[in-house]
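Trainee: Sequential numbering of the sequence shown, starting at 91, is according to our numbering.
A single structure is presented below for examination.
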Amino acid sequence: MRNRTMTFEIIRKFSFTACLLALVSLLSVACDWNQFGNGPTNPHNSSFAGPSMGISFQRNLMHPMGSVNHGLEAGVTSDKHGSLYMTSYDRYISAYSPLGALAGSYDLGVSGPRAVPFIESKRSNAKHAMIFTGAEGGGFYAIDVNKTSLLSYALTLADVDMTFGASESSPKQAQDGTFYIADKMGEVRRYQFSGGMLTLLGTHALSEPVTGAIALYDLDPGSPGEEVLVATTSGNLYVLNSSLTGRLWMNADGAATVDQYYAGVTVAERGSVAPIAILPVANRAMSGSALNSGIVRAINLQTQNTEWIIHPSQSVIGSDFIEGSVALLYPQQVPTSNPNANPGGGGVVVDDPNGGISTGGGLTTVAGDISINLGGGGVVVNPNDDTITTGGDDPNVNNVNLITVYHATFASSDRFLYGIDLIAGNEVWHAQLADSVWDAPVVDRDNIIYVGDGQSNLYAFEGKAPMHGALFWFDNRIGGGLTDIVKLGIHGQNELLVGAGNRGYRFR
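Below, the structure is given as structure tokens:
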């Protein structure tokens with residue numbers, strides 16, 4: 091960190107380059123994937139639509155030395171104006187135009203980050219961004235990105251704290267603008283970046299390995315700032331205060347079995363029900379097996395206790411494992427015969443063209459004129475009555491009871507993608523994949539799930555009821571790997587950002 095004061099002169103110019111940058115920014119549609127995992131709670135979902143109809147365009151993201159190959163654990167993210175950024179264990183951080191052309195790079199001089207950086211940018215300024223990142227070789231970096239032209243970005247070091255250790259956790263930005271990051275030995279730090287300098291505001295040493303995402307969440311609106319949630323590979327979840335001066339509480343339910351929270355923690359809200367911390371369990375033991383590897387644990391953030399544990403139906407617990415985070419689907423409203431029950435009950439009533447009706451249990455997709463009969467209080471009696479209603483305006487049709495469901499998805503080494511109910515704590519569906527998965531899926535604004543397996547095969551699945559788990563498309567154009575770690579992000583204009591093994595791509 092620097093100890094001297096830096097003065098900056100801002101010169102505003104009207105230029106052709108600025109106009110072009112603004113135009114490209116508008117055409118690319120600003121992306122919300124600037125904070126990988128898309129936010130301080132690590133939900134792995136996006137407010138933009140992905141390529142639900144399939145992929146028809148591919149752009150390889152080139153290494154600064156001219157190759158398509160970067161370091162292992164490549165990841166791609168973007169800023170609010172569509173510029174792309176790529177990191178890996180390689181020492182270079184690369185920047186690209188919104189179209190995917192290499193525009194600049196920065197040489198860290200040490201092994202780069204497995205965790206994707208936080209990219210800070212403002213919608214009002216298309217020509218500037220900041221990169222905040224840790225690294226496998228140590229240090230916390232603030233890197234200035236000056237977009238001098240469409241195809242030329244100048245990446246320069248604004249400041250660095252080399253006392254920060256090796257890190258595999260993405261930085262998270264709090265509402266007050268400060269940054270939190272954890273190193274691999276469990277030291278959590280809080281930084282402020284102002285006037286071109288990083289200032290260390292606080293530290294907290296857990297002395298346990300941290301390899302995954304931390305989360306920021308305001309558990310207590312009466313106390314200042316957001317609480318900091320940190321999961322360790324020793325099976326503990328810690329909740330720290332915003333100043334990092336104290337531990338508010340911890341849950342050690344996974345400690346006895348050394349549950350490896352390798353991917354870190356995701357916080358899920360559930361409407362009027364208390365939020366939970368979701369913790370998938372991995373298995374990175376050098377010998378033997380982790381007893382609980384392959385499960386998903388949820389800790390209630392009000393009671394501070396384990397609320398539920400899911401044993402995926404296709405997994406061998408203790409052998410299979412979940413290395414990626416859980417991705418949250420957006421809340422859905424589904425019909426039910428009992429507002430207090432899980433969806434799936436009730437009856438489907440279909441007009442018979444020959445007169446009369448036919449009914450069937452469950453909520454399913456059928457052909458013909460459909461209404462929903464719930465509660466046993468009357469059905470459509472006119473074969474030509476095609477009305478479907480959720481109100482009481484049609485005396486021939488029952489009211490439809492709707493409940494809001496909160497679902498999530500994750501992928502396992504067992505070669506399956508799962509959908510789970512976050513309130514009931516049970517598995518809702520599963521879908522088979524061609525290979526094991528080593529990182530998190532991503533969910534778009536329409537609850538379509540994108541995931542990549544260890545062979546770099548890409549998939550899109552329906553996440554919405556009643557067709558959840560249905561395959562939209564499968565693409566193996568970049569397939570062929572053995573144990574590729576595939577990291578995904580949603581980009582504006584139905585694009586998918588992909589880091590697969592040691593390569594990066596922009597797809598649409």
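Ideal Cβ positions, reconstructed from N, Cα and C, are used throughout, including at glycine.
So is Thr293 buried or exposed if we call it buried at 16+ other beta carbons inside 10 Å?
Mentor: One-based indexing of the sequence shown puts residue 293 at position 203. Exposed: under 16 other Cβ atoms inside 10 Å.
Trainee: Rounded to whole angstroms, how far is the Cβ of Leu512 from the Cβ of His134, which I believe are closer than 8 Å?
Mentor: Indexing the sequence shown from 1 puts residue 512 at position 422. Indexing the sequence shown from 1 puts residue 134 at position 44. Contact flag wrong, Cβ pair sits at about 14 Å.
Trainee: Would you report the Cα separation of Asn132 and Glu585, rounded to the nearest angstrom?
Mentor: Stepping through the sequence shown from its first residue, residue 132 is reached at position 42. Stepping through the sequence shown from its first residue, residue 585 is reached at position 495. So the two alpha carbons sit approximately 20 Å from each other.
Trainee: Take Thr499 as the anchor and find which of Ala524, Asp543 and Gly559 has the nearest alpha-carbon.
Mentor: Mapped onto the sequence shown, residue 499 falls at position 409. Residue Gly559 is the option with its Cα nearest to Thr499.
Trainee: Between the beta-carbon of Gly569 and the beta-carbon of Asn547, is there less than 8 Å?
Mentor: Taking the sequence shown and counting its residues from 1, one reaches residue 569 at position 479. Taking the sequence shown and counting its residues from 1, one reaches residue 547 at position 457. Their beta carbons are under 8 Å apart, which means Gly569 touches Asn547 by this criterion.
Trainee: Should the segment 158–166 be called in touch with the segment 289–307, which here means at least 3 C-beta pairs below 8 Å?
Mentor: The segment 158–166, when compared against the segment 289–307, does not touch it at the 8 Å Cβ threshold.
Trainee: Between Glu317 and Leu338, is the Cβ-Cβ spacing less than 8 Å?
Mentor: On the sequence shown, residue 317 is found 227 positions in, with the first residue counted as 1. On the sequence shown, residue 338 is found 248 positions in, with the first residue counted as 1. Yes, these two residues count as a Cβ contact at 8 Å.
Trainee: Taking the beta carbon of Phe269 as the centre, do at least 16 other beta carbons fall within 10 Å, making it buried, or is it exposed?
Mentor: Within the sequence shown, numbered from 1, the residue matching residue 269 stands at position 179. Phe269 should be labelled buried.
Trainee: Asn326: which of Leu309, Gly354 and Asn124 sits nearest, CA to CA?
Mentor: Here residue 326 refers to the residue found at position 236 of the sequence shown. Of the candidates Leu309, Gly354 and Asn124, the one whose C-alpha sits nearest the C-alpha of Asn326 is Gly354.
Trainee: Output the distance between the C-alpha atoms of Ser383 and Gln404, rounded to the nearest integer angstrom.
Mentor: Reading the sequence shown from its first residue, position 293 is the one you call residue 383. Reading the sequence shown from its first residue, position 314 is the one you call residue 404. Roughly 13 Å between the two C-alpha positions.
Trainee: Roughly how many whole angstroms lie between the Cα atoms of Gly172 and Ser187?
Mentor: On the sequence shown, position 82 is the one that residue 172 refers to. On the sequence shown, position 97 is the one that residue 187 refers to. The straight-line gap from Cα to Cα measures roughly 7 Å.
Trainee: By the three-class DSSP mapping on this structure, what secondary structure does Met220 have?
Mentor: Taking the first residue of the sequence shown as position 1, residue 220 is located at position 130. Three-state DSSP puts Met220 in a strand.
Trainee: Look at Ala303 and Lys274 and say whether their C-beta atoms are less than 8 Å apart.
Mentor: The residue you call residue 303 lines up with position 213 of the sequence shown. The residue you call residue 274 lines up with position 184 of the sequence shown. No, these two residues do not count as a Cβ contact at 8 Å.
Trainee: Write down every uninterrupted run of the beta strand (DSSP E) in the segment 369–434 whose length is 3 residues or greater and which is fully enclosed by it, in chain order.
Mentor: You should have 386–390, 396–400 and 422–425.
Trainee: Just to check my reading of the structure: Val541 and Gln422 have Cβ atoms closer than 8 Å, yes? What is that Cβ distance to the nearest angstrom?
Mentor: As a working note, residue 541 is residue 451 in the sequence shown. As a working note, residue 422 is residue 332 in the sequence shown. With 8 Å as the limit, Val541 and Gln422 do not qualify as a contact, their Cβ atoms being about 19 Å apart.
Trainee: For Ile209, tell me which candidate among Met176, Ala550, Asp197 and Gly228 has the shortest Cα-Cα distance.
Mentor: Taking the sequence shown and counting its residues from 1, the one referred to as residue 209 is at position 119. Residue Met176 is the option with its Cα nearest to Ile209.
Trainee: Below 8 Å, can you find three or more Cβ-Cβ pairs linking the segment 150–160 to the segment 553–567?
Mentor: With a cut-off of 8 Å, the segment 553–567 and the segment 150–160 do not count as touching, because too few Cβ pairs lie within range.
Trainee: Name, in chain order, the residues that DSSP records as bridge partners for Ser168.
Mentor: Working through the sequence shown from its first residue, we reach residue 168 at position 78. Paired residue(s): Leu174.
Trainee: Suppose you measure from the CA of Ser168 to the CA of Ile493; what does that come to, to the nearest Å?
Mentor: For the purposes of this step, residue 168 is identified with residue 78 of the sequence shown, where counting begins at 1. For the purposes of this step, residue 493 is identified with residue 403 of the sequence shown, where counting begins at 1. Computed Cα separation, rounded: 36 Å.
Trainee: Taking DSSP as the reference, what is the three-state secondary structure of Phe287?
Mentor: Taking the first residue of the sequence shown as position 1, residue 287 is located at position 197. First, the amino acid is wrong: residue 287 is Met here, not Phe. Note: Met287 maps to strand in three-state DSSP.
Trainee: Please state whether DSSP places Leu464 in a helix, a strand or coil.
Mentor: To locate residue 464, count along the sequence shown from 1; it is residue 374. In this predicted model, Leu464 has a pLDDT of only 38, less than 50, meaning its place in the structure is not dependable; the value taken from the coordinates is given anyway. It is coil, neither helix nor strand.
Trainee: What is the DSSP secondary structure of Gln125, reduced to helix, strand or coil?
Mentor: For the purposes of this step, residue 125 is taken as residue 35 along the sequence shown, with counting starting at 1. Residue state, collapsed to three classes: strand.
Trainee: Three or more C-beta pairs under 8 Å: does that hold for the segment 390–401 against the segment 508–527?
Mentor: Yes, the segment 390–401 touches the segment 508–527.
Trainee: Please list the segments of the beta strand (DSSP E) lying wholly inside the segment 517–565, counting only runs of 3 or more residues, in order along the chain.
Mentor: The qualifying runs are 538–542, 548–552 and 561–565.
Trainee: What number of angstroms, rounded off, separates the C-alpha of Ala191 from the C-alpha of Ile221?
Mentor: Counted from its first residue, the sequence shown places residue 191 at position 101. Counted from its first residue, the sequence shown places residue 221 at position 131. So the two alpha carbons sit approximately 18 Å from each other.
Trainee: So the beta strand (DSSP E) Gln148 belongs to, where does it begin and stop?
Mentor: Sequence index remark: in the sequence shown, residue 148 carries index 58 (1-based). Start and end: Gln148 to Asn150.
Trainee: So, is Leu578 buried or exposed, given that buried needs 16 or more other C-beta atoms within 10 angstroms?
Mentor: Numbered from its first residue, the sequence shown carries residue 578 at position 488. Flag for Leu578 reads buried.
Trainee: Looking only at its own chain, which residues have a Cβ that is under 6 Å from the Cβ of Tyr549, when we skip the five neighbours before and after it?
Mentor: Here residue 549 corresponds to residue number 459 of the sequence shown, with the count starting at 1. Around Tyr549: Val541 and Phe564.
Trainee: Pick helix, strand or coil for Gln282, following the three-state DSSP scheme.
Mentor: What you label residue 282 is simply residue 192 of the sequence shown in a count that begins at 1. The answer is strand: DSSP assigns Gln282 an E or B state.
Trainee: Kindly confirm or deny that the segment 134–146 and the segment 212–229 touch, where touching means at least three C-beta pairs closer than 8 Å.
Mentor: With the cut-off at 8 Å, the segment 134–146 and the segment 212–229 do not touch.
Trainee: Give the straight-line distance between the Cα atoms of Ser415 and Gly315, rounded to the nearest whole angstrom.
Mentor: As a position in the sequence shown, residue 415 is number 325, starting the count at 1. As a position in the sequence shown, residue 315 is number 225, starting the count at 1. The straight-line gap from Cα to Cα measures roughly 25 Å.
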